[in-house]
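Worksheet: the structure to be examined is printed underneath.
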Amino acid sequence: MEESSELPLPDAFLDFLKANGLDPSIYTASDSTPRYIRLKPGCEAYIQEVEADMECKLEKVGWLPGFYSLPPDIRIASSKAYQEGKIYGIDAASGAAVIALGISPGDHVLDLCAAPGAKLCMISELLGDSGSVTGIDVARHRIAACRTMLQKYALGDRCRLFVADGTTFSLLPVEFHSNSKSLEEKGDTFREWTSRRPYKERKKAIKAMKTVDSPLVSGTQHPELIFYGRHSGVVGLYSGELYSTVCESEISSRGYDKVLVDAECTHDGSIRHIQKFENWGWTTLQRRVLDAERTNSLTVLQFKLLSNGFRLLKVGGLLVYSTCSLTVAQNEDVVELFLKENASAELQEVDAAKNWPCKSGRIPKTLRFDPLTSQTSGLFVAKFKKLVRKNQTFESQSSDAENSPIEQVALTVPVTDDPSLPTFTFRTLVLGTLACVLLSFLNQFFWYRREPLSITSISAQIAVVPLGHLMASTITRRVFFRGRAWEFTLNSGPFNVKEHVLITIFANSGAGNVYAIHVVSAVKIFYKKNLTFVVSLLVVFTTQVLGFGWAGLFRRYLVEPAAMWWPQNLVQVSLFRALHEREKRPKGGLTRNQFFLIAFTCSFAYYVFPGYLFPMLTCLSWICWTFPTSVFAHQLGSGLHGLGIGAFGFDWSSISSYLGSPLASPWFATANIAAGFLLVMYVITPIAYWLNVYKAKTFPIFSDGLFTSAGQSYNISAIIDENFHLDMDAYERTGPLYLSTFFAMYYGVNFACLAATIVHVFLFHGREMWQLSKSALQEKKMDVHTKLMRKYKQVPQWWFMCILLVNIVATIFTCQYYNDQLQLPWWGILLACCVALFFTLPVGVIFATTNQMPSLNVITEYIIGYLYPGYPVANICFKVYGYISMKQAITFLEDFKLGHYMKIPPRAMFMAQVVGTVVSALVHLGTAWWLMDSIPDICDRALLPAGSPWTCPGDHVFYDASVIWGLIGPRRIFGDLGHYSAINWFFLAGAVAPVVVWLAHKAFPDKHWIRLINMPVLLGATVNMPPATAVNYSSWILIGFASGFIAFRYYRGWWSRHNYVLSGSLDAGLAFMGVLIYLCLGMEHVRLNWWGADSDGCPLASCPTAEGVIIKGCPVL
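Numbering of the sequence shown is given in the UniProt record's numbering, commencing with residue 1 and proceeding in unit increments.
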């Protein structure tokens, strides 16, 4: 080393050193402090070549691996080794700060004050081939210097650099995104080694920066991206995707592993920095170092940088705070204040510092380098670890408690939200309305055909994804009327998941049939009565919208409580996540999106077999094949017309069409349905049939038909006169109605299910309902989803009440003013509203917890049929207002819960539902009216040409029900004038059954399985039979067992990632192939004629077994 020489220091600086307890002698060796370089890994063999180039001996720094010292007068920038990128200059003290972090390969590291870039190079070296480093600096030219240095040394592959304010920077490491995007085809994706954002985005940012105060950020407050390497996690992202924000709660798990805060300071510990003031003038030293105001502002900045860096650190992560100042105010004082305000921060020993030439700071575990004793620049180092706070342990535990207590929800629904995502946008309105109109038109159009086609909302849910991205990439982002109250834009940025959810809500409105259209069809077509378009519109509109009122009343009970978890929504949530979330493919596994695409493709390709080529796959009844001539065997084995013993279907449409997806059903509900199905199908029905109860052997064992006492089909048209009233003489001649044994049991379990629903909800949920009634917004426990939704404006209750009251008034007016067309008196409307009001809550509770909905269809017909017999149109109107308004309310509540899970602002959800419902009602009615006016003799099978598809099977069933319940009336079936009055005892049985379970639960509270016995679900298991058949249930139960019991219990990881995605993909593949087959082959009636096209190969299953009954195709016993 050269001889030391003293640096002449002004008196003001000496006073500054004295005030901070610093020895002026540390600055006396101004020319003896060596320079340091770091040799780039892999260049060790070039040591002698570097020494020859620099004409000096490189001394290895024993306490700092990879570092070499050389005389202070050597200018490394002029050396060939430096120019070729074999070495770079970095002070040993700065290198020590990096080593103190303990960086390991795979870490995600944040350098909050990255310039001039030597530390970034060293961090990149230590990371190797994994992990990432993010560099931040407030000045563009300093970040540009970092970029240049990283590119020079080819160390920038895993680095991303931002011009940003380190005190507010909030981006987490990019870990999950799709690298499958084609960088050649996608012009709006980030590409490797790009120095700035795409041109269009930069141009927009420049314009936006002119309107904001800070030049560091764009109008969206996103940091300006300057540089990103090919493995930084940025390449392949869409512009804007990088800046997606996350909830603060995610930082603990997805934050940075290591953070370096080498904060801006007065640089009084750097001899070379002090030397510069001799050239610049000591007045500059006074302004930059000695000025108290500047020092105070620096300490505030240092504290903010330290606090923000620590905030972005994951739990268990490490942070190093360092400055090249030796003053207490910028070091120990900042550390003390930080520790005081951050209970989760703990000072750590720097394990690597055992041999370092440094001293302990005034606070234990902190370190100080000074030029005299350390032979480095001055440096202060403090190392922190982020712990779980004492109160955070409670918060974490409460977070688990606040997360849904339903494990399926906790495993499926994200607990994060990005409130900045736009929701009710131009894209939402256009695509949502388009989906609603198309689905409404197509579903109503195909409804009247002999083989109705139902196009579900999942078709639109998949189809709008590319359309949404197309609109996002092509429509102008110009903001119209900027700065005014009516400011809007046609393109709000990238297509996001919240827009997708709202579009799906629109599509849901058009996906099903509008039930009130049945009233219009029955009156105009079957009863040949005059019904004007205005009256039809009023009936359709009021029945559809009336449900909003009931939904508003019961929202607090059926949406916000975590226990009301609506299982079917988890399929939608999983599908949305699969389509929108970017995730890293697990080793040996698939991402949700990849799994969805594979399952969707398989489902799409496979459905051509059961849907067209091999229809027998819908129901394989092997007993019938074994005994082809035995009526008894066919009754036992037929999955479509018998008990279905051993029958199974390999057709997802038959499995999920009546009970919903078995993959969405919780196991306890599946078990209850299995028990109820076994009880009714394999105990009650066989015993009643073979004991010949109600002349059971005279009729098929399983049928929804109506029969005479001789076993022949009942001719309903023969008992109706020309005025569509009951012809009593004809009725007496024909005789009373008879039902198959199973169909009689069907009505019985319907009665039992309704009674059990009311009693069950009262016993098991009554206390919760009462507490929610007393204080809806002050629940003792709110799950995380309810808490996140609190930030959005709620839909005022008076909105729902206005809709409810206006609709009730409009309905009463419609039925009174047009009573000659609708027959229903005003008190019938009020009674129907009371029925809907009474049953919406209990039915909603059962559906929200089990995914099974008890039906009000029968009870509404039963009530009005007793009170107002002989008026079939009044009967169907009462059913529509009493049953459908409740069902609509349940649908709206289910959609609200989906919005709850996906964090959709309630008012946006409300608007989507209202607009979708109105559009759907108008399109459905318009399509139906057009078809009824344009197709002669539509639905009249006697007058239609042979082979005409317009036979309206659904409307015939609706019409038959109006005759049975409205004309004949329940009294002649289940009353004192009928044969089935004993069926009414099922009401009592249904009411008693939940009481037995409740008493058993109270008697054995430790037997948790008792509470899982759900009598409404168990007794109502077969309410879908018919039209559902045994094979629908047996197949559904087996799949539900495999998913809800085996997979959920033994393969929990696979289940949580793929179960609901599989359900959605099977539905989607089936929907698209079903539409394709129908349009290409079904409309042209192209059929295959071979044995595999037979239904189930059980032609004798519908034959009676009583002696002397003659039925075509059946043997006479």
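All C-beta atoms, glycine included, are put in the ideal place defined by N, C-alpha and C.
Item: Report yes or no: do three or more beta-carbon pairs, one from the segment 1068-1080 and one from the segment 579-591, lie closer than 8 angstroms?; Value: no
Item: With respect to the alpha helix (DSSP H) encompassing I864, which residues constitute its N-terminal and C-terminal limits?; Value: 857-867
Item: Please state the DSSP three-state secondary structure of K314.; Value: strand
Item: Let me know if I964 comes out buried or exposed under the rule of 16 or more other beta-carbons within 10 Å of its beta-carbon.; Value: buried
Item: Within 10 angstroms of the Cβ of F488, are there 16 or more other Cβ atoms? Answer buried if so, exposed if not.; Value: exposed
Item: Residues bridged to G89 by DSSP?; Value: I37
Item: Given that a residue counts as buried once 16 or more other Cβ atoms are within 10 Å of its Cβ, and exposed if not, what is T376?; Value: buried
Item: Under a Cβ-count criterion, where at least 16 other Cβ atoms within 10 Å of its own Cβ denotes burial, should Y689 be classed as buried or exposed?; Value: buried
Item: Quick one: which unbroken alpha helix (DSSP H) runs of 4-plus residues sit fully inside the segment 662-744? Chain order, please.; Value: 667-679, 685-690, 728-734
Item: Let me confirm a value: F480 is counted as buried when at least 16 other C-beta atoms fall within 10 Å, else exposed. Which label applies?; Value: exposed
Item: What does the alpha-carbon distance come out to for the pair I968 and A647?; Value: 37 angstroms
Item: Pull up the distance between the alpha-carbon of S948 and that of T618, whole angstroms please.; Value: 26 angstroms
Item: Can you give me the start and stop residues for the alpha helix (DSSP H) that V843 sits inside?; Value: 826-850
Item: Inspect the CB distances between the segment 843-853 and the segment 818-831 and report whether three or more fall short of 8 angstroms.; Value: no
Item: Taking contact to mean at least 3 C-beta pairs separated by less than 8 angstroms, is the segment 1024-1038 in contact with the segment 641-655?; Value: yes
Item: Just the C-alpha distance for S1102 and P700, rounded to the nearest angstrom, thanks.; Value: 5 angstroms
Item: In terms of DSSP beta bridges, what is V261 paired with?; Value: Y321
Item: According to DSSP, is F1004 part of a helix, a strand, or is it coil?; Value: coil
Item: Spell out the partners DSSP gives C159 in its beta bridges.; Value: V133
Item: Pick out the complete beta strand (DSSP E) segments inside the segment 950-997, 3 residues or longer, and give them in chain order.; Value: none
Item: What first and last residue would you give for the beta strand (DSSP E) that runs through K383?; Value: 379-386
Item: Compute the beta-carbon to beta-carbon distance between V749 and G916, rounded to the nearest angstrom, for a pair I have assumed lies under 8 angstroms.; Value: Actually they are not in contact, since the Cβ atoms of V749 and G916 sit about 34 angstroms apart, beyond 8 angstroms.
Item: Given K340, which residues of its chain have a CB within under 7 angstroms of its CB, disregarding the five upstream and five downstream residues?; Value: none
Item: Just to confirm the assignment, what range does the alpha helix (DSSP H) spanning E125 have?; Value: 118-127
Item: Below 8 angstroms on the Cβ atoms is my contact criterion, and I expect L127 with I103 to pass it. Report the Cβ-Cβ distance as a whole number of Å.; Value: 6 angstroms
Item: Name, in chain order, the residues that DSSP records as bridge partners for T327.; Value: According to DSSP, T327 bridges with nothing at all.
Item: Based on DSSP bridge pairs, tell me the residues matched to L110.; Value: T134, V259
Item: Distance, Cα to Cα, A605 vs M681?; Value: 34 angstroms
Item: DSSP has K60 in a bridge; who is on the other side?; Value: Y68
Item: Starting from E407, trace the alpha helix (DSSP H) both ways and give me its first and last residue.; Value: 407-412
Item: Write down the C-beta distance between G468 and E499 rounded to the nearest angstrom, noting that I regard them as a contact closer than 8 angstroms.; Value: 7 angstroms
Item: Between the segment 994-1001 and the segment 897-914, do at least 3 Cβ pairs fall closer than 8 angstroms?; Value: no
Item: Rounded to a whole number of angstroms, what is the C-alpha to C-alpha distance between S1065 and A578?; Value: 10 angstroms
Item: Quick one: measure Cβ to Cβ for I525 and C815, integer angstroms, because I've assumed they're closer than 8 angstroms.; Value: That pair is no contact at about 21 angstroms.
Item: Compare the beta carbon distance of S69 and V50 with 9 angstroms and say whether it is the shorter of the two.; Value: no
Item: Classify P1099 as helix, strand or coil using the three-state DSSP reduction.; Value: coil
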